[in-house]
Structures are given as structure tokens and as C-alpha cells.
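Undergrad: What follows is a structure written as C-alpha cells; I'll ask about it next.
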DNA sequence: CCTACCGATCGGTAGG
DNA sequence: CCTACCGATCGGTAGG
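Chains as they are written, first to last, in the working numbering: chain E, 385 to 582; chain A, 385 to 582.
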């Protein structure tokens, strides 16, 4: 046995530091979080962090890159599938909400703290997010071509409306709420696909 | 004449400081902006700012409080009107987008930097935002009661979906784009009210 | 609005 | 992982 602790969910000090940073960056922002805050959360002195990580920014790079990957991985299968665009878009919306719900703070970092990546890392993050948006746009486009989605609408605005609603979910989703992430995703998909009007 | 400058849009040093702070808080975040950054943008030395403002936080308080007021003022008339909930909700969506478009950076501060208000100011900001959300919820509820909106939907999720899409607009709206804020608002209202499905 | 400065805190390092 | 520390920068002030 490597540990006798009951709640030993950590796999190592680096992961503990990353999780603490994720939480604090989400709550206080990257620039509002000091290495001393992170050290305090982990239970070591500030200088000790540097035995496990290279820099504050390297922590942000890891969190954001991994976070974007999670969204892409969750949505990709439905985006690339061959079924009805209606079903696939619904599934993508639900998958997105499930990733948010899994860790709303991580999502807040992915959505709002990427600006603080070094100037050479920002274009990569933007490019990956653009690709993510395009996977939604592609399915919507397919739906229009198939006569399932409205042909008169502005595709770009429709996709930004959908993604905007999704990207706002970490601001309000609560794991303690009555609705599961799947239920929330399905309700949102209903509103976004079918509207609210009778 | 108080000034011979061609582009004298400022009404005083306090306003110039406020505008510079709004821009920088929106771009770099509150904690990522130093008083030296603001002083630099205004063209004075850091210490000189304190002849016009009380503190960094007082600047944030002003920007956020004024920003929330703009959204409330823009949307209130339609929220309190007596016409069709469909038309009124459409008008509220357009009005919201127009406030965002008027100054996306101010909106970013209102939506994301309020967390850095002092602990005694946060509840007020949250309360005002909740009231804003309720004005949307009220009109949606009226629409359901009138049989114009779907009775089966989850009201809370529907309103959060609409407001999420709206609150994300400062991330992508460009005053230089082809579409005016009114056009964007109307397209978003179309998607949110009628959905994207045929 | 500038000069000159304050104590506190920042990210990070050397050496053990 | 700790001790002890580095130069830089932070929000803000006194006095003119």
C-alpha cells in the first residue's frame, strides 16, 4: 500500500498542485492567484512548488490544453458520426454540458483565463477553440442542407448563440442541483433546437 | 472654449481614468491591471491618479454599477410594457445586444470582474443581476401563460440559456463587423425564440 | 500633477 | 520539502 488515507484520490504532488491551481484560477483568476495561494492550498511552502512544476504559466498551459482536449474528445464522436444532424447536435450539446458539469471551475479557466497564456501559446488555444466551433458549425450546416434546420438563418450567429449559451453554463451549473448534467443538456438542446415559442 | 483639441470627448480627468480602467479591466482583468497601467494609458504618473479617484476598487465599483444600470435601463421599458410577450422578449434581446455592442469591454467587466468587488459590494451586484434575470423570466412566464411559449419547458433553464447566449456576445461581437448590433440582436432573438429546427 | 517614497507582496531561486 | 532570500512590482501616501 502506498497510502493508508481513506480519500487518496491524488496520484502525485504534481496533480495535487494542478488541481489546487485549477480551483483557484477558476475562482480568483490567473492574475488574482499567487503561488503562495496555491502552496497554501496544497499544504507546502511556496518555494517547494518548484520541485514539481516549472512555473505558474506552465500550470495554466497544462490546465487550458487539457481542458480544451476534454471538450473536443467529448463532442468529436457525434460531430463525425453519420446519423441525423438533429440527434448529433443534441448529443454534442449534452456532451458539452457534461464536461462543464464534471468541473465547472476548470471550464471557467478554459473559457476566461487563456488570455494569460504566453503570447506564443495564445494562437494555438484560439485555433483549437475555432476548430471546436467549426465542428458545431459543420453539423448545423449539414442540418440546413438536409432541410432539417432553417435555411434562412445566419449560420454564424446561430452557432455563436448556441455556443454562447453552452459556454455560460459554468457560471450557474451546480452539481448539487436537482437536475443532472444530462438533463440540463437535454433541456438546453430542446430550447436551442426548437426555440421557446409554441 | 475649454479646449482646442479636435477629439475632445472627455469631460474631465476622472472620466478619462474611468475609461482607461474600463478598457484595461476588460482586456487584462481587474487583478491583471496595475494602477501604473492605468496611469500610463491616461498619460500621468501613478501617484497622480489619487487626486481624482479614491482607490482601484472604487474604479471597479463605478464601472460595474454603471454597467449594470445600463442593461437594466435598456431592457426595463420592454419588460414592463403590456404588449405581446413575443415582441417584448425580442425587444429585450435586441436592447441587451445593443448595450453590449456599445462597449464590449465594459460588458466584460460587468460580467466577469464583479467578483473582485469588496465583500460588502458583491451581494448588491448579485442582487441587481438577479433582478435583471427576473425581468426576463417574468416575460417568458407571461408568454407561457398566454399560450405563446411552450408550457412543457423548464423555465429556469430556458432563461439561463437565453441569458447565457446574450452574456457571451461581448466575447465575439465586433463593431467593425458587417452586422449592426440591432441585426445581431434580431438574429439571436430569432434563434432563441424560434429555434433552429424547421 | 510630480517627486520621492512606504511596507507588502509578487514569481522564482540557491543550497541544503 | 524547508530555510532564507532575490529583485521587481504592487496599491497607495506625504509634501509640494
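The beta carbon of each residue, even a glycine, is placed where N, CA and C say it ideally should be. If you're wondering where the values come from, they're calculated on a predicted model, not measured in any experiment.
Determine the chain E residues that contact residue 532 (chain A) at a beta-carbon separation under 8 Å, and present them in chain order.
TA: The answer, in chain order, is 581, 582.
Undergrad: Taking the alpha helix (DSSP H) that residue 560 (chain A) belongs to, which residues open and close that run?
TA: Unbroken run through residue 560 (chain A): none, as it is neither H nor E.
Undergrad: Step through the CB atoms of chain A and report whether any lies within less than 9 Å of the CB of residue 424 (chain E).
TA: It does not; no Cβ of chain A falls within 9 Å.
Undergrad: How would you write the range of the alpha helix (DSSP H) that residue 503 (chain E) sits in, first residue to last?
TA: Taken as a continuous stretch (DSSP letters only), residue 503 (chain E) belongs to no alpha helix (DSSP H), as it is neither H nor E.
Undergrad: If we call anything under 9 Å between Cβ atoms a contact, is residue 448 (chain E) one with residue 553 (chain E)?
TA: No, the pair does not count as a contact, with Cβ atoms beyond the cut-off.
Undergrad: From the DSSP output, which residues share a beta bridge with residue 412 (chain A)?
TA: Answer by DSSP bridge pairing: none, since residue 412 (chain A) is not bridged.
Undergrad: Distance cutoff 9 Å, beta carbons only. Does residue 553 (chain E) sit that close to anything in chain A?
TA: With 9 Å as the cut-off, residue 553 (chain E) counts as an interface residue toward chain A.
Undergrad: How big is the Cα-Cα spacing for residue 388 (chain E) and residue 454 (chain A)?
TA: Residue placement at residue 388 (chain E) cannot be trusted, given a pLDDT of 41 that sits under 50; what the coordinates show is reported in the next sentence. Their backbone Cα atoms lie some 57 Å apart in a straight line.
Undergrad: Applying a beta-carbon distance threshold of less than 8 Å, which residues of chain A neighbour residue 541 (chain E)?
TA: Per Cβ cutoff of 8 Å: 563, 568, 571, 572, 575.
Undergrad: Which first and last residues belong to the alpha helix (DSSP H) in which residue 488 (chain A) is found?
TA: Segment 488-496, the alpha helix (DSSP H) holding residue 488 (chain A).
Undergrad: Using a Cβ-Cβ distance cut-off of 9 Å, determine whether residue 512 (chain A) contacts chain E.
TA: Residue 512 (chain A) does not count as touching chain E.
Undergrad: Could one say the Cβ of residue 484 (chain A) lies closer than 9 Å to chain E's Cβ atoms, at least one of them?
TA: Chain E contact via Cβ: absent.
Undergrad: On a Cα-Cα basis, can you pick out the residue from A:499, A:580, A:536 that is closest to residue 521 (chain E)?
TA: Answer by Cα proximity: A:580.
Undergrad: Could you work out which residues of chain A lie near residue 459 (chain E), taking near to mean beta carbons separated by less than 7 Å?
TA: Simply none; closest approach about 17 Å.
Undergrad: Go to residue 574 (chain E), then tell me how far its alpha helix (DSSP H) extends in each direction, as first and last residue.
TA: Taken as a continuous stretch (DSSP letters only), the alpha helix (DSSP H) holding residue 574 (chain E) covers 565-578.
Undergrad: Give the residues of chain E in contact with residue 520 (chain A), contact being defined as C-beta atoms less than 9 Å apart.
TA: Those do not exist, as residue 520 (chain A) stays about 11 Å from chain E at its closest Cβ, beyond 9 Å.
Undergrad: Could you work out which residues of chain A lie near residue 470 (chain E), taking near to mean beta carbons separated by less than 8 Å?
TA: Result: 581.
Undergrad: In whole angstroms, what separates the C-alpha of residue 567 (chain A) from that of residue 577 (chain A)?
TA: Their backbone Cα atoms lie some 15 Å apart in a straight line.
Undergrad: Since residue 429 (chain A) and residue 422 (chain A) should fall inside the 8 Å C-beta cutoff, what is the C-beta to C-beta distance between them, to a whole number of angstroms?
TA: That pair is no contact at about 11 Å.
Undergrad: For residue 537 (chain E), return the contacting residues in chain A, with the cut-off set at a CB-CB distance below 8 Å.
TA: Those are 571, 574, 575, 580, listed as they occur along chain A.
Undergrad: Per DSSP, which one or two residues make a beta bridge with residue 533 (chain A)?
TA: Paired residue(s): E:581.
Undergrad: Are there 16 or more other CB atoms within 10 angstroms of the CB of residue 395 (chain E), so buried, or fewer, so exposed?
TA: Flag for residue 395 (chain E) reads exposed.
Undergrad: Give a yes or no on whether the minimum CB-CB distance between residue 516 (chain A) and chain E is below 9 Å.
TA: Not one chain E Cβ lies under 9 Å of residue 516 (chain A).
Undergrad: What's the call for residue 575 (chain A), buried or exposed, on a 16-neighbour Cβ count within 10 Å?
TA: Buried is the call here.
Undergrad: Please say whether residue 414 (chain A) and residue 416 (chain E) have beta carbons closer to each other than 9 Å?
TA: In contact: residue 416 (chain E) and residue 414 (chain A) (Cβ atoms closer than 9 Å).
Undergrad: Need the endpoints of the alpha helix (DSSP H) that residue 451 (chain A) sits in, please.
TA: Where residue 451 (chain A) is concerned, the enclosing alpha helix (DSSP H) stretches over 440-464.
Undergrad: If residue 549 (chain A) sits next to residue 545 (chain E), beta carbons under 8 Å apart, how far is it from one beta carbon to the other, in whole angstroms?
TA: Indeed, because the Cβ distance is near 5 Å, the residues count as touching under 8 Å.
Undergrad: Run down chain E in chain order and give the residues with a C-beta less than 9 Å from the C-beta of residue 363 (chain A).
TA: For chain A, the structure presents residues 385 to 582; residue 363 (chain A) sits outside this window and is missing.
Undergrad: Taking 8 Å as the cut-off, is the CB of residue 430 (chain E) close to at least one heavy atom of the ligand NAP?
TA: As far as ligands go, the structure on display features none, and thus does not contain the ligand NAP.
Undergrad: Spatial neighbours of residue 468 (chain A) within its chain, please: CB distance less than 6 Å, with the 5 preceding and 5 following residues excluded, ordered by chain position.
TA: Cβ within range, chain order: n/a, list empty.
Undergrad: Whose C-alpha, out of A:558, A:494, A:471, A:537, is nearest the C-alpha of residue 443 (chain A)?
TA: Among A:558, A:494, A:471, A:537, the Cα nearest to that of residue 443 (chain A) belongs to A:494.
Undergrad: Determine whether the Cβ of residue 546 (chain E) lies closer than 9 Å to any Cβ atom of chain A.
TA: It does: the Cβ of residue 546 (chain E) has a partner Cβ on chain A nearer than 9 Å.
Undergrad: Between which residues of its own chain and residue 386 (chain A) is the CB-CB distance below 7 Å, once the five residues before and five after are set aside?
TA: With a pLDDT of only 42 at residue 386 (chain A), under the threshold of 50, the placement of this residue in the model should not be trusted; the figure read from the coordinates follows. Cβ within range, chain order: n/a, list empty.
Undergrad: From the beta carbon of residue 475 (chain E), is the nearest beta carbon of chain A less than 9 Å away?
TA: Output row for residue 475 (chain E): interface = no.
Undergrad: Go ahead and label residue 479 (chain A) buried or exposed: buried means 16 or more other beta carbons lie within 10 angstroms of its beta carbon, across all protein chains shown.
TA: The residue in question, residue 479 (chain A), is buried, as its Cβ has 16 or more Cβ neighbours within 10 Å.
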